[in-house]
Amino acid sequence: MLSTLGSIREKLGSGEISSEELVQNCLNTIQGQDEKIGAFLQVHGEKALESAREIDRRRQQGEAMGALAGIPIAIKDNINIEGFHTTCASRMLENFISPYDATVIQKLKAAGAIFLGKTNMDEFAMGSSTEHSALRKTVNPCAPSCVPGGSSGGSTAAVAAGMAPLALGSSTGGSIRQPAAFCGVVGLKPTYGRVSRYGLVAFGSSLDQIGPIASDVPGCAELLQVIAGHDPFDSTSAPNPVEDFSAWLGQPLKGLRIGLVSEFETEGLQPEIQAALTRATAFLKAQGAECVTIQLPHTEYAIPTYYLIATAEASSNLARFDGVRYTKRAEGIRNLQEMYTQSRNQGFGMEVKRRILLGTYCLSSGYYEGYYLNAQRVRTKIIEDYQQAFQKCDLILAPTTPTSAFEIGEKTQDPVAMYLSDIFTVPANLAGIPAISFPSGKDQKNRPIGLQLMAPFFGEAKMLGVADHLHRHFAAPS
Ligand code: GLN
């Protein structure tokens, strides 16, 4: 059993454990297991212990403490922490040290959280298995022959292996929910604009969101509470006031309308995941919720739309890595042109190059209207699908992934197969709505299964409340 944020905080509050001991326990687990699991790219043990001792001292003096005082957390390596490397798991940024804190990091510091280190990911967050990391392999702690999912696979593996009670990931098309489902932990993608992107290395700026990962739903709610809110440094962050994300925890389910998507009923869905969905539906009905079938007619276009918009934005965002700033410059170059091409050729991995080529192509003259502009039109249709669906239901229940974690190496030679594993997660990113994945049992091979709930814009609180009920239902012996 993984410890929950609630239980850890209780022990810290009662003095049963000090923050220093807590951090030391995490560091011991990392030391014992991470050679095998590969969740972390850097661990900052000494610094973490120093911060923990400072928090312990302040606690003893009876000082007012932040919401996450003394709680260790792991951070995906595309989020800037001042003085730490931000590599994005790329050779391109291998030596880059961030001169500033992302807004979420400033907020976590103010809340007293302690940074254990930075976690592995697919290079520049492009992938679904963490196999595209240029720096290290990560294995799934729940199924060692399998990938942890991606792109935030290091963060979800760290939580699943008990190396950190909390972690941050980022999602452009599913990179928090998909690895959370594969590793048997909870992961939430907030409403677009709910959490500041300032200090997150941009991939697809109209899709990217930072989000919380924890072993249970209340832990996710509390971490979201700390990182959410408007930020003048991110013009796309929402000015809406931040609600109490724990307000719906424990509330009755009676009268809620839960939508089930008819287009998500595909033959490719693993039977045990279908069974989990059926079990969840039966539980909701037994609790007095109403389950209704809804339509999302443009679902079949979600993957191609995503891979046009995300790659277009990536090709533009990644233009800044040019061998001049931030990055390693190629050696032995003879002129300016060579400096750009060689630095980019040596710095980026295959998948990143593929995305830049695809994105540049669909933005180029003569193709822009056919590809990029049409993708934007379809994106609007997908947003409208959700608006109509939420007329009929409060929340949508769906599988997080079509299958449980796949084998290491199974999809690396087939990019399209890899892309298709995002089929159920990508639509929420395109629509900008919040979504959460929570553990929902295991399959016959004992690999975790995840189901997800999606909510209308800024509907995180209700979504968290229902997810908590469902997670507890699945965690209880049946
Ligand atoms: N797997 C998707 C991709 O490869 C999503 C990645 C993400 O959410 N960062 O683009």
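Per the numbering used here, the very first residue in the sequence shown carries number 8; after that it's consecutive. Glycine is no exception: its CB is placed at the ideal position from the N, C-alpha and C atoms. In this text, all values refer to a predicted model and were calculated from it rather than measured experimentally.
Just to confirm, are residue i and residue j a CB contact at a threshold of 7 Å?
{"i": "CYS149", "j": "PRO455", "result": "yes"}
{"i": "VAL193", "j": "CYS227", "result": "yes"}
{"i": "ARG264", "j": "VAL299", "result": "yes"}
{"i": "ILE44", "j": "ALA168", "result": "yes"}
{"i": "ALA174", "j": "SER162", "result": "yes"}
{"i": "MET461", "j": "ILE403", "result": "yes"}
{"i": "ALA171", "j": "CYS369", "result": "no"}
{"i": "ALA74", "j": "ALA118", "result": "yes"}
{"i": "GLY200", "j": "SER244", "result": "yes"}
{"i": "ASP223", "j": "THR11", "result": "yes"}
{"i": "ILE78", "j": "ALA46", "result": "no"}
{"i": "GLY180", "j": "ASP429", "result": "yes"}
{"i": "GLY218", "j": "PRO186", "result": "no"}
{"i": "THR93", "j": "SER203", "result": "no"}
{"i": "ALA317", "j": "GLY416", "result": "no"}
{"i": "THR312", "j": "ARG386", "result": "yes"}
{"i": "SER322", "j": "THR367", "result": "yes"}
{"i": "PHE290", "j": "HIS480", "result": "yes"}
In three-state DSSP terms, what is residue i?
{"i": "ASN35", "result": "helix"}
{"i": "VAL2", "result": "As shown, the chain starts at 8 and ends at 485. That puts residue 2 outside it, with no answer to give."}
{"i": "PRO484", "result": "coil"}
{"i": "GLY45", "result": "coil"}
{"i": "ILE24", "result": "coil"}
{"i": "GLU417", "result": "coil"}
{"i": "ARG264", "result": "strand"}
{"i": "ILE390", "result": "helix"}
{"i": "PRO422", "result": "helix"}
{"i": "THR126", "result": "strand"}
{"i": "PRO434", "result": "helix"}
{"i": "HIS478", "result": "helix"}
{"i": "ILE15", "result": "helix"}
{"i": "LEU195", "result": "strand"}
{"i": "ASN324", "result": "helix"}
{"i": "ASN147", "result": "strand"}
{"i": "GLU376", "result": "helix"}
{"i": "ALA117", "result": "helix"}
Write down the C-beta distance between residue i and residue j rounded to the nearest angstrom, noting that I regard them as a contact closer than 8 Å.
{"i": "LEU48", "j": "LEU195", "result": "Not really, about 23 Å apart at Cβ, beyond 8 Å."}
{"i": "LEU207", "j": "ASN127", "result": "Their Cβ separation, rounded to whole angstroms, is 16 Å, which puts LEU207 and ASN127 out of contact at 8 Å."}
{"i": "ALA412", "j": "PHE189", "result": "4 Å"}
{"i": "ILE80", "j": "SER26", "result": "Going by Cβ atoms, the distance from ILE80 to SER26 rounds to 12 Å, so no, they are not a contact pair."}
{"i": "PRO446", "j": "HIS478", "result": "6 Å"}
{"i": "ALA438", "j": "ILE390", "result": "5 Å"}
{"i": "SER177", "j": "ALA132", "result": "6 Å"}
{"i": "ASP108", "j": "LEU256", "result": "The Cβ separation is near 30 Å, so there is no contact."}
{"i": "GLY356", "j": "SER21", "result": "Rounded, the Cβ-Cβ distance is 48 Å, inconsistent with contact."}
{"i": "LYS114", "j": "ILE234", "result": "5 Å"}
{"i": "PRO434", "j": "LEU303", "result": "7 Å"}
Can you name the residues that DSSP bridges to residue i?
{"i": "ALA235", "result": "VAL202"}
{"i": "ALA174", "result": "ALA81, ILE220"}
{"i": "PRO446", "result": "GLY457"}
{"i": "CYS153", "result": "GLU414"}
{"i": "PRO406", "result": "LEU458"}
{"i": "HIS92", "result": "ILE104"}
{"i": "VAL50", "result": "GLY124"}
{"i": "ILE86", "result": "LEU207"}
Complete beta strand (DSSP E) runs within the region 290 to 316 (minimum length 3 residues, chain order)
297 to 301
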